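Some notes on the structure that comes next.
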Amino acid sequence: MIGLGVLNGMAVTLRNFIGSYFIKERLITVQYPEERETLPENYRNFPFLIFDTDDVEKGLRCVACKICEKECPPQCIYIVKSEDKKPDYMGKSQFYPRVFDIDISVCMSCQICVEVCPFEAIKMDKVFELSRRERFDALLMRKEELAKPNTYYHNIHPLEAAEVDGKLAEAAEAKKKKT
Amino acid sequence: MESLEEIKARAERAVPGAKITIVPNPGPANQPSLLLDNEHATAVVQFLRDDSELRLDHCSNATGVDWLDRKVSKKVKVKKVVEGEEKEVEETQEDLFPGYLEAVYHLYSMTHKHGPVVIRTRTKDRAEGARLPSLTPIYRSAEFQEREIFDLYGVRFDGHPDLRRILMWDEFVDYPMRKDYREPDDYEYEPTPHDEVLEKAKQHQSTRPELDGAEKLTARS
Amino acid sequence: MSAGFHELEEAPPLMTSRLEGDLLEVSMGPQHPSTHGVFRMNVALEGEIVRKLKPVFGYLHRNHEKIGENTSYLGSMPYTDRLDYFCSMTNNWAYALSVEKLAGIEVPERAEYLRVILAELTRLQNHASLLGFLLSDMGAWGTPLMYAFREREKILDLFESLSGSRMMCDYMRFGGCRCDLPPGWMERARKLVDGFPRFLDEFEKLIVSNEILIARTQNVGSLSSELAINAGITGPMLRACGVNYDLRKVDGYGFYPRFKFRVPLGDHGDCYDRLMMRALEMRESIGILKQAMEQLPAGPIINPKVKLRAFKPPVGEVYGRIEGPKGELGFYLISDGSANPYRYRVRPPSFVNLTILEDLCLGHTVADVMVILGSIDIVMGEVDR
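So the sequences go chain by chain: U, V and W.
Residue numbering for the first sequence is 59 to 237, as defined by my numbering.
Residue numbering for the second sequence is 971 to 1191, as defined by my numbering.
Residue numbering for the third sequence is 132 to 516, as defined by my numbering.
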């Protein structure tokens, strides 16, 4: 009978419509911003810098080796290396970044800077509500805005952070044994 | 599938006068290619497509490659008369290999499910002589891809039914995929705080003649 | 300096700007809701009938290939996500596969299995959303599209929890994958795969026997197998014409030869066949997924010999291709031994599939053009590059 196919389709939409009141799977939208879904652990958005201890300046893990700046595909990282050295959180004398800027209007969240960093100094953040009124300066993240404590990292990526901490502790242990 | 040498021999037999060279490909991929001469390229490709054993009926990929002029310097021992006696003197000779543009096609067979046979054609030079025979009459799939090569590399395909720019706009001058292409820095200028773009734009502005004292573009530092 | 365009012989005009007899010229797009992005068609109409059609594109052109030649091999990986932004996983795989061929890199077994799983999930979500889009092009506005997107959303959630991003996954690396599965991922994926046939049944009930859909798609935009082969058409569009050519079977890349699956074939090559091809392929994908999840071995996820930084493949060239959801996705790379490829070329399936758009549309009405375009399945990010 002509029209039966259409009626069949209508039955499907009707079932979905009624079902959306009772079955959660049929209605999966979330009323953002009132309701929020929890982000998965691996979620990544823009990079940030980690510092240990409480002092941003002293504890910054970055030693301004500029590997991430070189490897960044859209070239959104800008680093100026310091002339002097200062002790890092482990007490070793290191260079530090005098300027560390990330232009997040250019960044494409590819995570390559995180992968190439030999010092576990740069990690991916989960903040995504970053709308600004201005396009250029406001979206240029300076060192002060980028630096976040290790505890924050533990908060957003608990499994990964624990693994990284373990690795760092192991390396420190090995170094101690050597000397 | 038969080896490339056999294909070459058979194609040369089938198309009298065709000159085919095997271009070796070092490296683990091992996909050597056949270099066809421009006069007989269409006939050879027609043979490759219609030969019952090969039946390379699927032209998967067509693309251009730009090879710039190359200077290769090598040391040569030359016999020379120096201070009355003959001596062997080392001299550096510079060989100039003129640049050319290349069109590369990857042919597969859907009937026999084998491939790829890579064929390439080369232009005489990178300027007026950048002409190649079009394979579009044989493979329809080359139609847009050859237009793209024309658009981005500037190879003129003889026998192409509709050779126009495809990705760039019609008024665009120059060919952006060529290795010596220099992008103009006077359009889409946008100051990103730390960028070569800004530096470049500054240079550009300083060389530009002043527009009867009109506004200078102020670049943000 | 090379000769400019205008100095060369006069190029044929895009389309004559005067009225030819009773023909009416219409520019469809680039901001048309059914053109799947910024795609324009210059159409000459005789009444409602299409007499001439010239596709115009390049609005999204960013010279992806030039960017690829100016960044390192690794640096191009996130850019491949942005080619066909529906299927970033398969784009990653095609690029990784080509570089692995170029440098002769082995991939661990677990990584290969994961690649198969992710590629098939990508195929599911691409085909599902294609069906939704196609129906919405036909005027069945939001409903089927939303049903399709509901399923797609679940798959994107899986991608997000694995790679950190829903669409720009950037997950694969040369010689394997970037990170291992997070805890609980496999169970979620199994649940999704088990529940997917129910969605397919429902969706097919919604569309397959619908008289309006049949009237709109059957015998519309028929493509002969000879023309399809000659025009380099690949993917579901080719198989809808009855040509048995699936790179998963022909090339046997990845671990596809280990899985049992059939290649669905159409026989008319019209829009209806193309549409059903996607539905059938999804069923086969579910079969592959089930087998791959069953067999997934433990082990390393990436070849430790491959350097992440300063990766320099040996001199040579390669053409690597995979069966993407839209067709044959190939990468042609020439290495001169440095850190950047000398030539980096993408063979985009939807770009080549558009070659025969005019042939398909001639003689049909304007409304059919949208259906035909929808059934080709294009993404402008890939067409324009």
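Glycine included, each C-beta is placed from N, C-alpha and C at the ideal position.
Keep in mind the model is a prediction, meaning the values are calculated, not measured.
Exercise. Measure the CB-CB distance between V/L1105 and V/Y1075 and report whether it falls below 8 Å.
Key: yes
Q.
Quick check on DSSP: helix, strand or coil for V/E1061?
A. strand
* To do: Identify, in the order they occur along the chain, each residue of the same chain with its Cβ nearer than 7 Å to the Cβ of W/L337, setting aside the five sequence neighbours on each side.
  => P275
Worksheet item: So U/D161 packs on U/L197, CB below 8 Å; how close in whole Å?
Response: 7 Å
Measure the alpha-carbon distance for W/W272 versus V/H1010 and round it to whole angstroms.
54 Å
Considering only the alpha carbon of each residue, which of V/Y1109, V/T1033, V/P994 lies closest to W/E357? V/Y1109
Considering only the alpha carbon of each residue, which of W/L504, W/G455, W/Y473 lies closest to W/K197? W/Y473
### Message
Check for me: the alpha helix (DSSP H) holding W/S260 runs from which residue to which?
### Response
240-268
Q) At least one CB of chain V closer than 8 Å to the CB of W/P445: is that the case? A) yes
* Would DSSP call W/H163 helix, strand or coil? -> coil
* **Rounded Cβ spacing between U/A229 and U/L107 (contact assumed at less than 8 Å)** => Their Cβ separation, rounded to whole angstroms, is 19 Å, which puts U/A229 and U/L107 out of contact at 8 Å.
* Cut-off 7 Å between Cβ atoms - residues of its own chain near W/L331, not counting five sequence neighbours on either side -> A410, M413, R414
- Query: Can you give the Cα-Cα distance for W/P479 and V/L1137, rounded to whole angstroms?
  - Reply: 14 Å
Subject >> chain V within 8 Å of W/G235, Cβ atoms only >> reply: yes
Taking Cβ positions, are W/D508 and W/K438 nearer each other than 8 Å? no
*Taking any Cβ of chain U, which residues in the stretch 330-344 of chain W have a Cβ under 9 Å from it, in chain order?*
E333, F334, K336, L337, I338, V339, S340, N341, E342, I343, L344
In chain W, which residues lie with their C-beta within 7 Å of the C-beta of U/G61? E342
Check: Between the stretch 1083-1092 of chain V and the stretch 971-978 of chain V, do at least 3 Cβ pairs fall closer than 8 Å?
Finding: yes
State the CB to CB distance for the pair W/S469 and W/K443, rounded to an integer number of angstroms; the pair is presumed to be in contact (CB under 8 Å). 6 Å
### Task
Please report the residue range of the beta strand (DSSP E) in which W/M298 lies.
Careful: W/M298 lies outside any beta strand (DSSP E) and carries neither H nor E.
Q) How would you label U/N213, buried or exposed, when you count the other beta carbons within 10 angstroms and need 16 or more for buried? A) exposed
Cut-off 6 Å between Cβ atoms - residues of its own chain near U/V157, not counting five sequence neighbours on either side
V138
Going by DSSP in three states, U/Q152 sits in which element: helix, strand or coil?
strand
**Message:** Just checking: is the beta-carbon of V/D1128 within a distance shorter than 8 Å of some beta-carbon in chain W?
**Reply:** no
Check your understanding: Along chain W, which residues have their Cβ under 8 Å away from the Cβ of V/Q1016?
Key -> Residues of chain W passing the Cβ test: none, with the nearest at roughly 13 Å.
Item to complete: Return the chain-ordered list of same chain residues with a C-beta closer than 6 Å to the C-beta of W/Q162, the five sequence neighbours on each side being excluded.
Response: none
- Message: Any heavy atom of the ligand FAD inside 7 Å of the beta-carbon of U/Y79?
- Response: The ligand FAD is absent from the structure shown, which contains no ligands of any kind.
Item to complete: Report yes or no: is there a C-beta of chain W within less than 8 Å of the C-beta of U/Q89?
Response: no
Next on the checklist: Rounded to the nearest angstrom, what separates W/N484 and U/G117 at their Cα positions?
Outcome noted: 55 Å
| query | Under 8 Å between the Cβ atoms of W/T348 and V/F1114? | reply | no
| said: For U/M199, would you say it is in contact with chain W, using Cβ-to-Cβ distances shorter than 8 Å as the test? | reply: no
*Own chain partners of V/K1057 with C-beta closer than 8 Å, once the 5 adjacent residues on each side are dropped*: K1049, K1050, V1051
If you measure beta-carbon to beta-carbon, which residues of the stretch 347-362 of chain W are closer than 8 Å to chain V?
L358, I360, N361, A362
### Task
Can you give me the start and stop residues for the alpha helix (DSSP H) that U/G67 sits inside?
62-80
Check your understanding: Is DSSP giving V/R1101 helix, strand or coil here?
Key -> strand
Let me check one thing: in DSSP terms, what residues is V/N1031 bridge-paired to? V/H1076
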